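Q: This is the structure, below, for whatever I ask next.
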Amino acid sequence: MTPVFLLLLLLSVDLIFPVVLCVTRISNFLIYGDIKPNSKRNADPCTATGCKWPKSGSYVYVPVVISSDFTEEESNTIIGGLVSFHQSTCIRFVWMTNHVDFLYFFPGTGCWSYLGRQEGGQVISLQKNGCVYINTVQHEVLHALGFHHEHARSDRDSYVNVNLQNVQPGYESNFDKVQTNNLGTPYDFQSVMHYPNNAFSQNGQPTITAKSDPNLVLGGAAQMSSNDIARVNRLYQC
1 MTPVFLLLLL LSVDLIFPVV LCVTRISNFL IYGDIKPNSK RNADPCTATG
51 CKWPKSGSYV YVPVVISSDF TEEESNTIIG GLVSFHQSTC IRFVWMTNHV
101 DFLYFFPGTG CWSYLGRQEG GQVISLQKNG CVYINTVQHE VLHALGFHHE
151 HARSDRDSYV NVNLQNVQPG YESNFDKVQT NNLGTPYDFQ SVMHYPNNAF
201 SQNGQPTITA KSDPNLVLGG AAQMSSNDIA RVNRLYQC
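The following block contains the structure:
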């Protein structure tokens, strides 16, 4: 158990640093439902061109700030989601002090984040009464580490059917494929990054189904899968 791991476990809500970010100016436009686009970077994988977090020795240290607008229980849930990465990867979350790049968790509208490390402080929105859960924290943090949704994988057509006829008009782009680096890991129906069957459905019918079993329930992961963890470790060479 590393000192950083112990530090996060012991910190209380009273020790959460306040920070001022201009979150009210953020656009409402999202891609893939929960990824905030960056005008300096598109939605394609960016881990080969600068959006990975730097590694120092054996660990990747990611500074964080948690808004004091969260309750103590909500803050502890967020910390629990962060600490879960310590248990199985080389990612280590530390409190932001004088760092230039960091993650700022705040209770915004909806659940969303940016794809990969951004320059300067970047926000992760976890709406109260809907987004403050361990699996949601893991999902949005994986985006911030550079990972896309599972259904957007470059090889997804071999494993799932996307039923665009059931998708709400104007939301079809949420099902676009991306030229992802799949890191030698298999398509994972149990990934915490997988869309549910009825995501963005306009008629209650499934928008995404498994080819092997159309009745397979997707998008119900309560926590990161072994494949989610393996991808973090392979990308960051843990």
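Residue numbers for the sequence shown follow full-length UniProt numbering, beginning at 1 and rising by one.
Just so you know, even glycine gets a beta-carbon here, dropped at the ideal spot from N, CA and C.
All of these numbers come straight from a predicted model, not from anything done at the bench.
1) What separation, rounded to the nearest whole angstrom, lies between the Cα atoms of Ala152 and Phe175?
2) Can you tell me whether Pro206 is buried or exposed, with buried defined as 16 or more other CB within 10 angstroms of its CB?
3) Whose CA, out of Arg231, Ser225, Met224, Pro196, lies closest to the CA of residue 249?
4) Thr209 bridges to which residues according to DSSP?
5) Tell me which residues share the same chain as Ser233 and place their Cβ nearer than 6 Å to its Cβ, disregarding the 5 neighbours each side in the sequence.
6) What did DSSP end up calling Ser125 once you bin it into helix, strand or coil?
7) From what residue to what residue does the beta strand (DSSP E) around Ser88 run?
8) For the beta strand (DSSP E) that contains Ser68, what are its first and last residues?
9) Is it buried or exposed for Ala222, if we count other Cβ within 10 angstroms and need 16 for buried?
10) For Leu216, which of helix, strand or coil comes out of DSSP?
11) Could you pull the start and end residues of the alpha helix (DSSP H) that Leu103 belongs to?
12) Identify the continuous beta strand (DSSP E) that holds Ser113 and give its terminal residues.
13) His143 to Tyr159, Cα distance in whole Å?
14) Which full runs of the beta strand (DSSP E) of 3+ residues lie inside the region 139-192, going along the chain?
15) Are the beta-carbon atoms of residue 248 and Ser191 separated by less than 8 Å?
16) Could you check what DSSP says for Arg92 in three-state terms: helix, strand or coil?
17) Could you check whether Asn166 and Ser212 sit closer than 8 Å to each other, using their CB atoms as the reference points?
18) By a C-beta neighbour count over all protein chains shown, 10 Å radius and 16 as the cutoff for buried, is Gly57 buried or exposed?
19) Considering only DSSP beta bridges, list what Ser225 is partnered with.
20) Less than 8 Å separating the beta-carbons of Phe105 and Ser67?
21) Less than 7 Å between C-beta atoms, sequence neighbours within five positions excluded: which residues of the same chain meet that for Gln138?
A: Looking at the atomic coordinates:
1) 7 Å
2) buried
3) With the chain running from 1 to 238 in the structure shown, residue 249 is simply not present.
4) Asn161
5) Correcting the residue type first, residue 233 is Asn in the shown sequence and not Ser. These residues qualify, in order along the chain: Thr89.
6) strand
7) Element bounds for Ser88: n/a, residue is neither H nor E.
8) No beta strand (DSSP E) holds Ser68; DSSP gives it neither H nor E.
9) exposed
10) coil
11) No alpha helix (DSSP H) holds Leu103; the beta strand (DSSP E) holding it covers 102-106.
12) 111-114
13) 22 Å
14) 160-162
15) One cannot answer for residue 248 here, as it falls past the ends of the chain, which runs 1 to 238.
16) strand
17) no
18) exposed
19) Its beta-bridge partners do not exist; DSSP assigns none.
20) yes
21) Gly81, Ser84, Val192, Gln223, Met224
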